[in-house]
Amino acid sequence: MMSINERQDELIEEFSMFDDWMEKYEYIIDMGKDVSGLTEELKSDDYLVRGCQSRVWLIPAQENGILQFQADSDAIITKGIVGMVVRVLNNSSADEILKSDLYFVDKIGLKEHLSPTRSNGLVSMIKKIKTYALAYSAKAI
Amino acid sequence: MVKTELNIEQIRKDFPILHQEVNGKPLVYFDNAASTQKPKVVIDRVADYYSNEHSNIHRGVHSLSAAATEEYELSRKTVQAHFNAKFDHEIVFNKGTTDGINLVANGFAKSFLKEGDEVLVSELEHHSNIVPWQMACEQTGAKLKVIPITDSGEWIMEEFHNLLSDRTKIIAVNHVSNALGTMNPITDVIEAAHSKGIPVLLDGAQAVPHMAVDVQALDCDFYVMSGHKLFGPTGVGVLYGKEEWLNKLPPYQGGGDMIKTVSFEKTTYNELPFKFEAGTPNIAGVIGLKTAIDYVNEIGLDAIADYEQELLEYGTEKLSQIEGLKIYGTAKNKASVISFLLDGIHPYDAGTILDKLGIAVRTGHHCTQPVMTRFGIPGTVRASFAFYNTKEEIDALYEGLLRVKKMFS
Ligand SMILES: Cc1ncc(COP(=O)(O)O)c(C=O)c1O
Chain A
39 MMSINERQDE LIEEFSMFDD WMEKYEYIID MGKDVSGLTE ELKSDDYLVR GCQSRVWLIP
99 AQENGILQFQ ADSDAIITKG IVGMVVRVLN NSSADEILKS DLYFVDKIGL KEHLSPTRSN
159 GLVSMIKKIK TYALAYSAKA I
Chain B
88 MVKTELNIEQ IRKDFPILHQ EVNGKPLVYF DNAASTQKPK VVIDRVADYY SNEHSNIHRG
148 VHSLSAAATE EYELSRKTVQ AHFNAKFDHE IVFNKGTTDG INLVANGFAK SFLKEGDEVL
208 VSELEHHSNI VPWQMACEQT GAKLKVIPIT DSGEWIMEEF HNLLSDRTKI IAVNHVSNAL
268 GTMNPITDVI EAAHSKGIPV LLDGAQAVPH MAVDVQALDC DFYVMSGHKL FGPTGVGVLY
328 GKEEWLNKLP PYQGGGDMIK TVSFEKTTYN ELPFKFEAGT PNIAGVIGLK TAIDYVNEIG
388 LDAIADYEQE LLEYGTEKLS QIEGLKIYGT AKNKASVISF LLDGIHPYDA GTILDKLGIA
448 VRTGHHCTQP VMTRFGIPGT VRASFAFYNT KEEIDALYEG LLRVKKMFS
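Quick mapping for you: the protein sequence lines, in order, are chains A and B. Position one of the first sequence corresponds to residue 39 (the numbering used here), numbered consecutively onward. Position one of the second sequence corresponds to residue 88 (the numbering used here), numbered consecutively onward.
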């Protein structure tokens with residue numbers, strides 16, 4: 039099983055193939071389309087992470103100490119990035135998630151989307167993931 | 088009538104910020120409804136004030152203070168003339184539109200609203216012309232009533248007339264809509280309101296950059312605007328109020344400058360407009376606003392309006408050629424604002440790609456969530472034009488949108 043950082047490095051590697059922003063965004067859009075997403079009924083306010091511009095839904099699950107998140111967004115670019123975050127963090131323990139530092143976003147040149155001023159729900163989503171992780175790790179003790 | 092042609096190339100030279108690249112592309116600034124750019128004369132005026140003239144106003148005996156006070160009051164005269172107010176003391180300087188609405192809403196809550204009364208706004212309002220009234224209603228037990236809009240983004244006037252009653256204590260509506268660009272039939276509203284003795288506040292934030300406004304001809308009771316949307320500095324705005332109304336309203340904030348005498352037993356308030364200008368104001372902003380108004384008047388608001396209508400027509404026609412693009416806000420009378428969505432493409436996605444192409448548009452709900460709810464959409468992409476924009480820039484937006492469409496299809 040790969041670690042969070044190994045998965046981040048893998049993504050950075052994938053993005054290093056692209057020369058310009060167009061290709062990069064096309065790739066993100068493709069990933070956004072590939073994210074299986076949530077059914078309409080799961081996109082409920084219970085799972086909604088509020089962002090002003092685009093909305094993100096996040097559903098947590100835990101099995102044998104390993105966390106799995108499912109996520110979706112109404113904007114494709116956000117959905118693509120959400121998909122990457124989930125890909126990096128899924129299959130990890132709560133502690134690993136709590137300790138993680140998501141440097142890949144910056145490294146692949148998407149830092150602007152993680153700026154709190156974008157109000158696209160991404161920043162809140164990552165906070166939410168950590169909150170879930172904290173809750174699961176507290177229960178484990 | 089012969090139209091005065093604007094020399095856009097020359098005008099663009101007046102705006103330093105326009106000549107830069109964003110993400111490696113020449114900047115196309117289409118977010119003028121959020122805030123307009125500043126001509127060099129305004130930037131220089133503010134810098135010059137701080138470099139050579141700054142001092143506090145209305146208090147010192149020394150020369151600098153006297154000169155700064157004079158400049159500040161000169162700005163009031165300019166604003167008075169620009170909006171054709173009857174008296175200069177009907178012009179209150181403040182932080183902007185939001186501040187002006189809060190002042191009036193607060194005063195109404197304190198002095199005029201009671202349980203069972205009604206405040207009338209419209210479905211087209213900016214949040215800053217909704218929330219202060221909601222707060223006033225919460226405090227007093229008054230009710231907020233809303234004029235609904237049609238699919239084209241226009242007030243349903245029949246409903247407006249039905250909503251007017253003896254309980255209506257004030258009507259607070261926008262002159263021009265920031266989300267859809269609709270120029271609202273405010274003269275009809277004011278006439279109907281006054282026939283029942285109801286005062287009208289106009290939110291002029293989106294009107295003043297596009298047209299000459301004459302508050303006496305309109306006969307509105309309050310008019311509010313923001314300097315930063317009129318090519319002036321941020322943090323400065325104007326509340327116009329008819330003398331009789333400003334006299335009736337209680338002071339908003341307490342502090343220096345707004346008092347005549349202070350003792351612990353009783354404080355008496357200063358006269359208009361100082362009663363509403365507590366504390367040291369944004370002196371540089373006020374002085375810069377005068378320069379902005381002078382600048383706009385030199386070009387001529389009628390010529391500006393003509394040119395912007397040309398841009399609006401051109402833009403509407405051009406963008407309509409894009410399959411799957413839907414324009415929200417199709418009123419007959421519109422300011423140079425085009426709000427739209429590309430079929431199936433989230434405004435955030437479109438805005439992100441346009442930004443990569445150097446094109447600055449606003450995406451989202453534009454602080455008018457009720458409008459978005461009305462249309463059942465998460466938001467729109469909004470391109471808003473000023474007189475320094477060009478048809479070539481609209482072409483760039485058109486090309487950009489084709490690219491967006493291709494990327495997301
Ligand atoms: C119609 C309208 N009203 C009020 C405002 C608020 O203006 P300000 O933020 O300058 O106070 C705006 C600004 O977007 C507006 O467009």
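Cβ atoms here follow ideal geometry from the backbone N, Cα and C, with glycine treated the same way. Model, not experiment: these values are computed from the prediction.
Residue i to residue j span [Cα, whole Å]
i	j	result
residue 113 of chain A	residue 455 of chain B	20 angstroms
residue 412 of chain B	residue 359 of chain B	50 angstroms
residue 196 of chain B	residue 331 of chain B	18 angstroms
residue 490 of chain B	residue 147 of chain B	60 angstroms
residue 178 of chain B	residue 333 of chain B	10 angstroms
residue 120 of chain A	residue 94 of chain A	8 angstroms
residue 298 of chain B	residue 383 of chain B	10 angstroms
residue 249 of chain B	residue 228 of chain B	21 angstroms
residue 259 of chain B	residue 285 of chain B	11 angstroms
residue 115 of chain B	residue 477 of chain B	9 angstroms
residue 416 of chain B	residue 110 of chain A	30 angstroms
residue 182 of chain A	residue 64 of chain A	Shown here, chain A extends from 39 to 179; a query on residue 182 of chain A therefore has no answer.
residue 164 of chain B	residue 158 of chain B	10 angstroms
residue 67 of chain A	residue 494 of chain B	8 angstroms
residue 295 of chain B	residue 137 of chain A	53 angstroms
residue 253 of chain B	residue 94 of chain B	51 angstroms
residue 102 of chain A	residue 115 of chain A	32 angstroms
residue 140 of chain B	residue 380 of chain B	20 angstroms
residue 222 of chain B	residue 131 of chain A	46 angstroms
residue 91 of chain B	residue 395 of chain B	13 angstroms
Neighbourhood of residue i by C-beta distance below 8 angstroms, restricted to the same chain and skipping five residues each side
i	result
residue 122 of chain B	315, 316 and 321
residue 482 of chain B	405
residue 279 of chain B	247, 248 and 251
residue 153 of chain B	147
residue 50 of chain A	142, 145 and 146
The alpha helix (DSSP H) enclosing residue i, as first and last residue numbers
i	result
residue 110 of chain A	Note, residue 110 of chain A: premise wrong, no alpha helix (DSSP H); beta strand (DSSP E) at 104 to 111.
residue 145 of chain A	142 to 145
residue 55 of chain B	No statement about residue 55 of chain B is possible, as the shown extent of chain B runs from 88 to 496 and does not include it.
residue 38 of chain A	Outside the shown range of chain A, which is 39 to 179, sits residue 38 of chain A, and nothing can be said about it.
residue 232 of chain B	From DSSP, residue 232 of chain B is part of no alpha helix (DSSP H) but of the beta strand (DSSP E) over 230 to 234.
residue 459 of chain B	456 to 462
residue 143 of chain B	Premise fails: residue 143 of chain B is in no alpha helix (DSSP H) and is neither H nor E.
residue 189 of chain B	184 to 198
Close Cβ partners of residue i (< 7 angstroms) along its chain, the five nearest in sequence each way excluded
i	result
residue 162 of chain B	373, 374, 376 and 377
residue 464 of chain B	428
One or two residues paired with residue i in a DSSP bridge
i	result
residue 469 of chain B	B/426 and B/449
residue 261 of chain B	B/290
residue 113 of chain B	B/108
residue 118 of chain A	In DSSP, residue 118 of chain A forms no bridge with anything.
residue 494 of chain B	DSSP, once it has assigned bridges, lists no residue as partnering residue 494 of chain B.
residue 313 of chain B	B/324
residue 414 of chain B	B/427
residue 269 of chain B	B/421
Endpoints, the beta strand (DSSP E) within which residue i is located
i	result
residue 95 of chain A	94 to 101
residue 207 of chain B	205 to 209
residue 348 of chain B	346 to 349
residue 178 of chain B	178 to 181
residue 356 of chain B	354 to 356
Cut-off 6 angstroms between Cβ atoms - residues of its own chain near residue i, not counting five sequence neighbours on either side
i	result
residue 73 of chain A	117 and 121
residue 310 of chain B	289, 291, 302 and 327
residue 444 of chain B	112 and 487
residue 264 of chain B	211
For the pair the region 122 to 131 of chain B and the region 327 to 347 of chain B, tell me if three or more CB-CB distances fall below 8 angstroms. no
So, does the region 465 to 476 of chain B touch the region 419 to 435 of chain B, judging by three or more C-beta pairs under 8 angstroms? In this structure the region 465 to 476 of chain B lies against the region 419 to 435 of chain B, because at least three pairs of beta carbons, one per stretch, are closer than 8 angstroms.
Just checking, does the region 285 to 292 of chain B make contact with the region 182 to 197 of chain B on the three C-beta pairs under 8 angstroms criterion? yes
Assess, as a yes-or-no matter, whether the region 144 to 162 of chain A is touched by the region 101 to 111 of chain B under the definition of 3 or more beta carbon pairs within less than 8 angstroms. no
Given 8 angstroms, three or more beta-carbon pairs between the region 261 to 273 of chain B and the region 207 to 221 of chain B: Touching, yes.
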